[in-house]
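Participant: Please read through the structure below; I'll follow up with questions.
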Ligand code: AMP
Ligand code: GLY
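Residue numbers (the numbering used here): 326 to 758.
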């Protein structure tokens, strides 16, 4: 089979790398990919951007692609799966309608309320003064969210009225989030422990992936501004059996059944982020209509099953006949970012040390996944905010952490940086047990 992966981040590198290991796969293409996918044996980059649907469909037809797998949310929310399917091309991911779970927070809040799935109390606004008035009437902290896609940066937790007013004004009046901020959701602040589960869905059945946890905040100790994610690990000890069962029964099953009942069947990866209160009740913080980045990197390191077989079974509505098997070891990934990220950042520097990190003699349990990189005159150049993800397996989470950091230290470019404490919560919880 020939597989096309759409996207060019660390998630897509990990997906393509895993897909290449499937015995039924003869070729993998990544559009547009990065220097990491370009370097992989049996994987080729195609220079078509993820939002160029006509270009991607043309390539899929001409190269006789058997299955296309979509990585990022942008093309999903804009209907890429519908377009492929209308053209008779096999494509794994949710439809445009189903992708609204990530594409519109208002859609999601209304859906949750229709199906009595627990979530924070909220109101949604398009006009400035009623939004400000509502903010003043709710307690602090208040959570202010841009309705649309904002690359993980559209959520502001306001501890003061002034911060809340600024966030709302930035979105509704100053257009700082573009169209995504033309509508805002103001919601109640939830206390508790955060957890997330990523699963595969076939319209009806749900197959959970191994648990994982990312670190969204930029700096050590989970401080600083939110980013797309500075590192992740799997499994996540917080998702114990009880919490897992609660998320499946109280949230994921009613979500998938509710969508099917509304004639919006969901097929694809589905990511739910929840807050678990002291009472053990899980409430939805958000859905993503795709795999997480960087969660995918450690998850793919641990997946032993054939990912392509799972995607094909999902497209046939037969996920209930599948199981996913996992490496018993832990995996941990450290994101190496460019100077300045998550704000305006440098790019164009040459990355050094990659030869030793991805030479053939390197241990099977370590892997550098690329994100914002490209190949220029034979050199790998940093071109994004999140540039690499140094990922490693280890018998215990501490081993995985130690090995991932040793790997991260082996590469360098001017101004590169990473958090020093990825996995700290999991390690603390391992010590406690
Ligand atoms: P989201 O993109 O909606 O998951 O929000 C990003 C982060 O903001 C989450 O991972 C939480 O840490 C935090 N957050 C979002 N909504 C709430 C809420 N209602 N209460 C507390 N924290 C929240
Ligand atoms: N790492 C969080 C996300 O992919 O949304």
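Glycine included, C-beta positions come from ideal geometry on N, C-alpha and C.
In this text the structure is predicted, and so the values were computed from the model without any measurement.
Rounded to whole angstroms, what is the Cα-Cα separation between residue 581 and residue 354?
Facilitator: As a working mapping, residue 581 is identified with position 256 in the chain shown. As a working mapping, residue 354 is identified with position 29 in the chain shown. Taking the straight line from one Cα to the other gives about 31 Å.
Participant: Please report the Cβ distance between residue 558 and residue 747, rounded to the nearest whole angstrom; I am assuming they are in contact, meaning their Cβ atoms lie under 8 Å.
Facilitator: Numbered from 1 along the chain shown, position 233 holds the residue referred to as residue 558. Numbered from 1 along the chain shown, position 422 holds the residue referred to as residue 747. Confirmed, about 7 Å.
Participant: Any heavy atom of the ligand GLY inside 8 Å of the beta-carbon of residue 620?
Facilitator: Sequence index remark: in the chain shown, residue 620 carries index 295 (1-based). Flag set: Cβ of residue 620 near the ligand GLY.
Participant: For the beta strand (DSSP E) holding residue 633, just list the boundary residues, first then last.
Facilitator: Here residue 633 refers to the residue found at position 308 when the chain shown is read from its first residue. Segment 632-640 is the alpha helix (DSSP H) holding residue 633; no beta strand (DSSP E) there.
Participant: Between which two residues does the beta strand (DSSP E) harbouring residue 656 extend?
Facilitator: Residue mapping note: residue 656 aligns to position 331 of the chain shown, counting from 1. Per DSSP, residue 656 belongs to the beta strand (DSSP E) from 655-662.
Participant: Consult DSSP for residue 508 and reduce its assignment to one of helix, strand or coil.
Facilitator: Residue 508 sits at position 183 when you count from the first residue of the chain shown. Looking at residue 508 - three-state DSSP - the assignment turns out to be coil, as it is neither helix nor strand.
Participant: Does the stretch 566-584 come close enough to the stretch 487-502 to have 3 or more Cβ pairs within less than 8 Å?
Facilitator: no
Participant: With the ligand AMP as the reference, list in chain order each residue whose Cβ lies under 5 Å from any of its heavy atoms.
Facilitator: Taking every residue with its beta carbon within less than 5 Å of a heavy atom belonging to the ligand AMP gives, in chain order, 445, 468, 480, 512, 514, 515, 598, 610 and 611.
Participant: Measuring only the C-alpha atoms, how far is residue 418 from residue 592?
Facilitator: Translated into positions along the chain shown, residue 418 becomes position 93. Translated into positions along the chain shown, residue 592 becomes position 267. Spanning the two alpha carbons is a distance of roughly 6 Å.
Participant: Out of 463, 652, 653 and 698, point me to the one whose CA is closest to residue 674's CA.
Facilitator: Numbered from its first residue, the chain shown carries residue 674 at position 349. When only C-alpha atoms are compared, the closest one is 698.
Participant: Can at least three beta-carbon pairs, one atom from the stretch 380-399 and one from the stretch 362-370, be found at a separation below 8 Å?
Facilitator: no
Participant: Considering residue 621, what are the terminal residues of the alpha helix (DSSP H) in which it resides?
Facilitator: For the purposes of this step, residue 621 is taken as the residue at position 296 of the chain shown. Element bounds for residue 621: 621-627.
Participant: So what does residue 694 bridge to, in DSSP terms?
Facilitator: For the purposes of this step, residue 694 is taken as the residue at position 369 of the chain shown. Paired residue(s): 714.
Participant: Tell me which same chain residues have a C-beta within less than 6 Å of the C-beta of residue 414, skipping the five on either side of it?
Facilitator: Position 89 of the chain shown, counted from the first residue, corresponds to residue 414. Counting only Cβ-Cβ distances below 6 Å, and skipping sequence neighbours, we find 385.
Participant: Is the distance from the Cβ of residue 552 to the Cβ of residue 710 below 9 Å?
Facilitator: As a working mapping, residue 552 is identified with position 227 in the chain shown. As a working mapping, residue 710 is identified with position 385 in the chain shown. A contact, by the Cβ cut-off of 9 Å.
Participant: Within this structure, are the beta carbons of residue 598 and residue 723 separated by less than 9 Å?
Facilitator: As a first step, residue 598 is located in the chain shown; it is residue number 273 there, counting from the start. As a first step, residue 723 is located in the chain shown; it is residue number 398 there, counting from the start. Cβ atoms of residue 598 and residue 723: not closer than 9 Å.
Participant: Look at the alpha carbon of residue 332 and the alpha carbon of residue 462, and state the distance between them as a whole number of angstroms.
Facilitator: Taking the chain shown and counting its residues from 1, the one referred to as residue 332 is at position 7. Taking the chain shown and counting its residues from 1, the one referred to as residue 462 is at position 137. Roughly 43 Å separates the two Cα atoms.
Participant: With a cut-off of 8 Å, do at least 3 Cβ pairs link the stretch 406-413 to the stretch 368-385?
Facilitator: yes
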